[in-house]
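So the structure is just underneath, and the comments pick up after that.
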Amino acid sequence: MKGMVFTSFLEMVENKFSLGIVDQIIESSDLPSGGSYTSVGTYDHNEMIQLIVQLSQRTNIPVTDLIITFGEYLFTQLIELHPQFIQENSSVFSFLQKVDSYIHVEVRKLYPGAELPAFEYETSVPGTLIMTYRSSRPFADLAEGLIMGCIQYYGEQISIARENLDEGTAARFILTNTEVR
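Going by my numbering, the sequence shown runs without a break in its numbering and finishes at 959.
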């Protein structure tokens, strides 16, 4: 997992909780990296899981809620770093349908060797986008948060239904534009 994700997570924890909480979750986790991350480094995704579990224990916020919240936060960070992704798309559906075919291609150019999730898309029902997420890592909650962050950014009225297909490594997201109906 790219270090940029770790640095964004710790930044979110500091902003929403405190620097003291950041120090506590790092110290309480058994991290091969020692909790020292660079944005261009690559780290074991299990370190992220440990940090989130430690944060959950300190805040009494469920792990799932923390990961989704982080996904929303991460979306804003990614857009700040790569505004061209958002500028080239005028809607949530347009943006999301380019995650695999364009955005992940560009991410791989910036971060060779990045292990990214895959998405499949279905658009057979007007006003509905079905995204199927698959990854080797259990971060469907993060994908949901990123999708929610995208919806918030564009300000569209879109509902999300989620169907878990595997233990966090696969999920189907059914997005319905409620303005169309």
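Just so it is clear, CB atoms sit at the ideal spot from N, CA and C, and this is done for glycine as well.
If you ignore the 5 residues before and after Leu924, its C-beta comes within less than 7 Å of the C-beta of Gly849, Leu852, Phe853, all in its own chain and listed in chain order.
Each of Ile929, Gly891, Gly933, Val831 was checked against the Cα of Leu953, and the nearest Cα belongs to Ile929.
Linking Asn955 to Asp808 through their CA atoms gives a straight-line distance of about 43 Å. For the set Thr837, Ser937, Thr820, the Cα lying nearest the Cα of Glu792 is the one of Thr837. According to the DSSP assignment, Leu907 belongs to the beta strand (DSSP E) that extends over 906-912. Contact annotation: the stretch 881-890 does not touch the stretch 793-801, with fewer than three C-beta pairs closer than 8 Å. The residues Leu852, Gln855, in chain order, have a CB closer than 6 Å to that of Ser786 in the same chain once the five nearest residues on each side in sequence are set aside. Runs of the beta strand (DSSP E) lying entirely within the stretch 888-945, each at least 3 residues long, are 896-900, 906-912, 936-942 in chain order.
For Glu957 and Ser868, the gap between their C-alpha atoms comes out near 16 Å. Beta bridge pairing from DSSP links Arg950 with Thr910, Glu941. Taking every protein chain shown into account, the CB of Ile881 has 16 or more other CB atoms within 10 angstroms, so this residue is buried.
Taken atom to atom, the span from the alpha-carbon of Ser902 to that of Ile803 is near 45 Å.
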